[in-house]
Amino acid sequence: MSEEAEGAQEPLEPENNPEDISEMMGAVPNASPGIEELEAIQYGDNSMSPAGPTQEISKTALELDKWSVRRGSEWARSDEGGQFLSAIDEDVRRHVAADFLSAAWEPFPQMAESCSDEKRKHFLETLMQTPAYKQLHRETCLDNLASELAAASFAVQWVQYVVEEEEREKECGGEEGGGRSDLDRDAAAHAAAEEACKSAKKDVNDMKDAVKGLGGDGPDTQKMSTEQIRNIFKKVKDNESLRRIMERAGRYVRLAKSLQYSKPVNGPDKIVGINYDNDLSNVVASELASLTDETLEWDFMRRFIEESLMVHETKSMKDEAKGPLVVVVDESGSMMGEPIVHAKAMAMAILWIAEHQKRWCCLVGFAGGSEGNYLTIDPKEPRDIEAISKWLEHFYSGGTNLDVPLVELPKKWGELGCPKGETDIIILTDAYVNAPDNIVEPFLEWKKEQLARVSTIVIGDNPGDLTKVSDRYWRIDELDIDSQGVAECLQI
Numbered sequence: 053m054s055e056e057a058e059g060a061q062e063p064l065e066p067e068n069n070p071e072d073i074s075e076m077m078g079a080v081p082n083a084s085p086g087i088e089e090l091e092a093i094q095y096g097d098n099s100m101s102p103a104g105p106t107q108e109i110s111k112t113a114l115e116l117d118k119w120s121v122r123r124g125s126e127w128a129r130s131d132e133g134g135q136f137l138s139a140i141d142e143d144v145r146r147h148v149a150a151d152f153l154s155a156a157w158e159p160f161p162q163m164a165e166s167c168s169d170e171k172r173k174h175f176l177e178t179l180m181q182t183p184a185y186k187q188l189h190r191e192t193c194l195d196n197l198a199s200e201l202a203a204a205s206f207a208v209q210w211v212q213y214v215v216e217e218e219e220r221e222k223e224c225g226g227e228e229g230g231g232r233s234d235l236d237r238d239a240a241a242h243a244a245a246e247e248a249c250k251s252a253k254k255d256v257n258d259m260k261d262a263v264k265g266l267g268g269d270g271p272d273t274q275k276m277s278t279e280q281i282r283n284i285f286k287k288v289k290d291n292e293s294l295r296r297i298m299e300r301a302g303r304y305v306r307l308a309k310s311l312q313y314s315k316p317v318n319g320p321d322k323i324v325g326i327n328y329d330n331d332l333s334n335v336v337a338s339e340l341a342s343l344t345d346e347t348l349e350w351d352f353m354r355r356f357i358e359e360s361l362m363v364h365e366t367k368s369m370k371d372e373a374k375g376p377l378v379v380v381v382d383e384s385g386s387m388m389g390e391p392i393v394h395a396k397a398m399a400m401a402i403l404w405i406a407e408h409q410k411r412w413c414c415l416v417g418f419a420g421g422s423e424g425n426y427l428t429i430d431p432k433e434p435r436d437i438e439a440i441s442k443w444l445e446h447f448y449s450g451g452t453n454l455d456v457p458l459v460e461l462p463k464k465w466g467e468l469g470c471p472k473g474e475t476d477i478i479i480l481t482d483a484y485v486n487a488p489d490n491i492v493e494p495f496l497e498w499k500k501e502q503l504a505r506v507s508t509i510v511i512g513d514n515p516g517d518l519t520k521v522s523d524r525y526w527r528i529d530e531l532d533i534d535s536q537g538v539a540e541c542l543q544i
């Protein structure tokens, strides 16, 4: 046995000292409970059990992160949100704003388990269960402006709902719920929620009509910024005539899109002869037939390597230069009402076509004794929403003559800076007018110089002398999206 082995000490056996054992057990944190603790647990006395985490009451009715609360706070401080939330206490305003804004914007809003404001939680819970909200949410989800409009309607109806609830509670001596049954309280909340969704739906539709009417939602047109949409919506909301124009403009633009996208596309090249090459995309059909025979297939491969296959010789075809697109709208007194609304709405569809085709556009309004209301739009420049809305709102009244479309327009053509190329002019009027030869002949000469084609729609009257200057014309009883001539004009 080695010295290390001899020097090794045997492990000490613990002494069975009761005091030492008690001290050791007391030092162990997870020691088994004593008799008193076991009895307390067995008979339901939890005063001695360790306390679990206390559930925090949420200040928002929805489960929201800090970003959502901050976004609601910013909206509450803005001019748009502040006017609807001014009646709410400032210390809870940002949480109210965050709830309603997130209910409209979030893809999957979830209710919090508990909320410091039970009325708001009850209102939002009722709101989000209605079919009207679910339909509205498809329009507002992840859409900044649409969700703000919806949140404003939610806030207005919620404030009104709370005021009515508090008045009932006062009448009943402060009793919660105003002494009504749960069913009656649910019915009141449901009515307020339905009204909120109805109001929100109207505002969102008006906003989307404005965007569609101006063509700002297409893949190949200029996108409208949120600020532009906000500004045009304010105008639409405060102007009944402009709102009606935008409602109908959306329909005309949709028709224009379907007609433009369904037009046949001409190829960029035309066949001018036969050449020898190995371009398989232009190989003539008889050469391809060789591939069906095993012997001729090898000959085809040889001539492919030698670049001696017969192929179509093509020549590039450039599209003929397209010039301006001009729409001339009669703003005389007889056009007041639905005729001018539809005419201006159709003008917005023509503006969309001009932008889609990257063509310069001119919007012209006219009436007897006026010089005309002109707005030129360059597709390369940012869209001037303010100028377009002013042109749409403009209305001369008065009588009708053809001085503007036949005399003033050719005079101003150079001043307007119109580019050269094939020009399309569309005239929308409801007047029977006479045009003497000293007006017609100069216009026809100018029209020939500008390679212009004139299309005229006359509402409710005979075209009169407009037939002398028009390449095609239609007389209709009333202007609407399915009226004769509308689709033909929107196919340019």
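So for the sequence shown, our numbering puts the first residue at 53; every next one is plus one. For glycine and all other residues, C-beta sits at the position ideal for the given N, C-alpha and C.
Shown here, Gly124 sits in a helix according to DSSP, grouped into three states.
The C-beta of Gly124 has 16 or more other C-beta atoms within 10 Å across all chains shown, which makes the residue buried. Rounded to the nearest whole angstrom, the C-alpha separation of Met353 and Gly375 is 49 Å. With a threshold of 16 other beta carbon atoms within 10 Å, Phe136 meets it and is buried. Counting along the chain, Leu480 sits inside the beta strand (DSSP E) bounded by residues Glu474 to Thr481. Just so you know, the alpha carbons of Asp476 and Phe285 end up roughly 31 Å apart.
The beta-carbon separation of Leu503 and Glu530, rounded to 32 Å, does not stay under the 8 Å limit for a contact. In the DSSP assignment, the residues bridged to Asp382 are Phe418. By the Cβ-count criterion, Gly466 is exposed, with fewer than 16 other Cβ atoms from all chains shown falling within 10 Å of its own Cβ. Taking a C-beta distance under 8 Å as the contact criterion, His364 and Asn334 qualify as a contact pair.
Phe206 sits away from Ala243, with the two beta carbons spaced by 8 Å or more. At a Cβ-Cβ threshold of 8 Å, Leu496 and Val521 count as neighbours. Per DSSP, Val208 is one residue of the alpha helix (DSSP H) stretching across Asn196 to Glu223.
Between Val459 and Val416, the C-beta spacing is not below 8 Å. Residue burial annotation: Thr344 is exposed, with fewer than 16 other C-beta atoms found within 10 angstroms of its C-beta. Counted as a single uninterrupted DSSP element, the stretch harbouring Trp404 is not any beta strand (DSSP E) but the alpha helix (DSSP H) occupying residues Glu390 to His408.
The beta carbon of Gln536 is closer than 7 Å to those of Trp526 and Ile528 in its chain, skipping five residues each way along the sequence. The continuous beta strand (DSSP E) containing Leu427 extends over residues Asn425 to Ile429. According to the DSSP secondary-structure assignment, Ile544 is paired through a beta bridge with no residue. Per DSSP, Ile528 is one residue of the beta strand (DSSP E) stretching across Arg524 to Ile528. Burial is judged here by how many other beta carbons sit within 10 angstroms of a residue's own beta carbon; Glu217 has at least 16 and is buried. For Arg295, the enclosing alpha helix (DSSP H) begins and ends at Glu292 to Tyr313. For Lys186, the closest alpha carbon among the candidates Met163, Ala156 and Asp195 is that of Ala156. In the DSSP assignment, Val492 falls within the alpha helix (DSSP H) that extends over Asp489 to Glu501. Rounded to whole angstroms, the Cβ separation of Ala401 and Leu542 is 6 Å, and the two are in contact under 8 Å.
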